[in-house]
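Using this note's numbering, you'd call the opening residue of the sequence shown number 743 and step up by one each time.
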Amino acid sequence: MRGIALSLALLAAPVLAAPVLAAEPSPGLVAAFRALQADDAQINAIGYRLAAANAPFCADVRGASGLLLLDAAAYHVPANIRSAMRLTGDFAVQAVAPRSPAARAGILAGEELQAVDGKPPAVIADGISPEAQVRLNFLHDEIEAALSAGRELTLRLGGRTVTLSGAPACHAHFELATSGKGAEAGANVVVMSRALLSETRSDDEAAFVLAHELAHVVLDHQARRRAAGRARAVIAETEREADRLAAWLMANAGYDPSVAPGFLRRRGGGLADLFPGPHHDRAETRARRVEQELGELRNAMPQASGLRDWRARFTPPATLPNRSR
């Protein structure tokens, strides 16, 4: 995951001027921010796990660290975030995915990022606007590019120094949105809203949503849709394919794909099933399709690693351009 779009009223509330750290953050502000961090950490952890586990089968693989950063200047009132996180600058660690290179390096959420290879983050992204997470995304991309090239980076965090390396992962960035009610995928980006995350009852259910969107990325469905002139039938077929591949992506990452049919039925009940989206089948149809795919998954012979190669059923593009946001 790379960035978050924040619009919470509590995070935009004014604090006292003068020295940024002079004002004690209000309990309400801290509670709201910690809740947001927890959601962010969940998306980051699940996304990293899905992308790393399925790297052997993805056409576009990058060096991932499991590290999610934060840029306080991207918020409506940066002083609120600096106060809540006790920062002297703008950049800090927002989340660290378990069992990722960042976790193995001992990096902790909440630590202030002071330098990358001796350069302050603001210098690395000099001249780039912090608005809309543009500066933060640039910094994440720079770190990813270095790790993908096999480099190790030296990070100075709150007065200590750690060495960060990368691990192979499907090229996808996972983001949490505070607006909207659904999930979507773009060019190497998977976005899930807090509203939809709140509807999930477990990491497994959240993993199904993220795996569905990741399937769009690894199969480059955007290119397929463009080539077909965004024909409705083609878009609907890619949605069906994403439902099916999601089960494989989940299983390889150690999540339980058998929760997917129940999640689809529960969320698609009532009016949602009477008026399904223009490109999705009814919830019951989707659930039965996933159940059928689970049978194929169980019958598939795992590799020595325990992973199941889904490429025989879902052909990823042979080559993908080097894309980034």
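Think of the CB as a built atom: it goes at the ideal place given N, C-alpha and C, for glycine as much as any other residue. In this text the structure is predicted, and so the values were computed from the model without any measurement.
What span of residues does the beta strand (DSSP E) with residue i cover, start to end?
| i | result |
| --- | --- |
| Gln836 | 833-838 |
| Asp813 | 809-813 |
| Glu917 | 915-919 |
| Thr1027 | From DSSP, Thr1027 is part of no beta strand (DSSP E) but of the alpha helix (DSSP H) over 1025-1041. |
| Pro926 | Note that residue 926 is Glu in the sequence shown here, rather than Pro. From DSSP, the beta strand (DSSP E) with Glu926 extends over 925-927. |
| Leu855 | 855-858 |
| Ala909 | 909-912 |
Under 7 Å Cβ to Cβ from residue i, same chain only, skipping five residues before and after it: list those, please.
| i | result |
| --- | --- |
| Ala1093 | With the chain covering 743 to 1067 only, the question about residue 1093 has no answer from this structure. |
| Ile866 | Val858, Leu881, Glu884 |
| Trp1052 | Phe799, Leu987, Trp990 |
Tell me which same chain residues have a C-beta within less than 8 Å of the C-beta of residue i, skipping the five on either side of it?
| i | result |
| --- | --- |
| Arg1031 | Arg982, Asp985, Arg986, Asp1023 |
| Gly996 | Arg791, Ala795 |
| Leu1039 | Ala989, Trp990, Ala993, Pro999, Arg1050 |
| Asp868 | none |
| Pro1058 | Phe799, Cys800, Ala801, Val960, Leu961, Asp962 |
| Phe1017 | With a pLDDT of 43 at Phe1017, under the threshold of 50, the modelled position of this residue cannot be trusted; read the value that follows with caution. Excluding positions up to five away in sequence, the list is empty. |
| Ser842 | Tyr790, Ala794, Ala806, Ser807, Gly808, Leu809, Ala909 |
Can you name the start and end residues of the alpha helix (DSSP H) that residue i belongs to?
| i | result |
| --- | --- |
| Ser825 | 820-827 |
| Gly1004 | 1002-1009 |
| Ser940 | 936-941 |
| Gly900 | That residue, Gly900, is in no alpha helix (DSSP H); it is neither H nor E in DSSP. |
| Pro863 | 863-866 |
| Ala993 | 974-994 |
| Arg792 | According to the sequence displayed, residue 792 carries Leu and not Arg. Note, Leu792: alpha helix (DSSP H), 769-795. |
| Ala888 | 876-890 |
| Arg804 | Counting along the chain, Arg804 falls outside any alpha helix (DSSP H), though it belongs to the beta strand (DSSP E) covering 803-806. |
| Phe1056 | Element bounds for Phe1056: n/a, residue is neither H nor E. |
| Gln964 | 963-969 |
| Arg841 | Looking at the DSSP string, Arg841 is not in any alpha helix (DSSP H), and its letter there is neither H nor E. |
| Phe950 | 945-960 |
Cα-Cα, which of the options is closest to residue i?
| i | options | result |
| --- | --- | --- |
| Val803 | Ala774, Gly848, Ala914 | Ala914 |
| Ala851 | Thr980, Arg943, Leu899 | Leu899 |
| Glu1035 | Ala1046, Arg1055, Val904, Pro1044 | Arg1055 |
| Met827 | Glu1026, Glu766, Pro840, Thr980 | Glu766 |
| Thr1027 | Gly1011, Asn1041, Cys800 | Gly1011 |
| Gly908 | Asp868, Gly869, Ala797 | Ala797 |
| Val876 | Ala857, Ser768, Leu811, Leu906 | Leu811 |
| Asp903 | Pro840, Ala857, Cys800, Val976 | The question names Asp, but residue 903 is Thr in the sequence shown. Per the Cα distances, Ala857. |
| Asp859 | Ser871, Glu873, Glu884, Ala874 | Glu884 |
| Leu918 | Trp1052, Arg972, Val772, Gly789 | Gly789 |
| Ile849 | Leu906, Glu941, Cys912, Ala1042 | Leu906 |
| Lys923 | Ile870, Ser825, Ser940, Ala821 | Ser940 |
| Val772 | Arg824, Leu809, Gln784, His818 | Arg824 |
| Lys861 | Ser921, Thr896, Ser871, Leu829 | Thr896 |
| Ala975 | His1021, Thr942, Ala864 | His1021 |
| Val819 | Pro872, Gly1037, Ala978, Thr942 | Pro872 |
| Arg1009 | Thr920, Phe916, Pro863, Arg943 | Arg943 |
| Ala874 | Ala911, Pro863, Cys912, Thr920 | Thr920 |
Any beta-carbon of chain D closer than 8 Å to the one on residue i?
| i | result |
| --- | --- |
| Val819 | Among the protein chains of the structure shown there is no chain D, as only one such chain exists. |
Could you round the C-beta distance between residue i and residue j to whole angstroms and report it? I think they count as a contact, below 8 Å.
| i | j | result |
| --- | --- | --- |
| Phe880 | Leu855 | 14 Å between Cβ atoms; not a contact. |
| Gln816 | Leu878 | For clarity, residue 816 is Ala in the given sequence; the question names Gln instead. Yes, they are in contact, since the Cβ atoms of Ala816 and Leu878 sit about 6 Å apart, within 8 Å. |
| Arg967 | Thr980 | 7 Å |
| Asp782 | Ala837 | 5 Å |
| Ala787 | Pro840 | 6 Å |
| Ala844 | Leu829 | Rounded, the Cβ-Cβ distance is 19 Å, inconsistent with contact. |
Using C-beta distances below 6 Å, list every residue in its chain close to residue i, excluding the 5 sequence neighbours before and after it, in chain order.
| i | result |
| --- | --- |
| Leu763 | Because the pLDDT of Leu763 is 41, which lies under 50, any placement of that residue in the model is unreliable, and the number read from its coordinates should be weighed accordingly. Answer for Leu763: no residue qualifies. |
| Ala1029 | Pro1003, Leu1006, Arg1007 |
| Ala927 | Glu955, His958, Val959 |
| Asp946 | Tyr997, Asp998, Val1001 |
| Gly1048 | none |
| Phe916 | Met743, Ile785, Gly789, Val932 |
| task | Would you be able to state if there are at least three C-beta pairs under 8 Å between the stretch 773-786 and the stretch 884-900? | result | No: the two stretches stay apart, fewer than three of their Cβ pairs being nearer than 8 Å.
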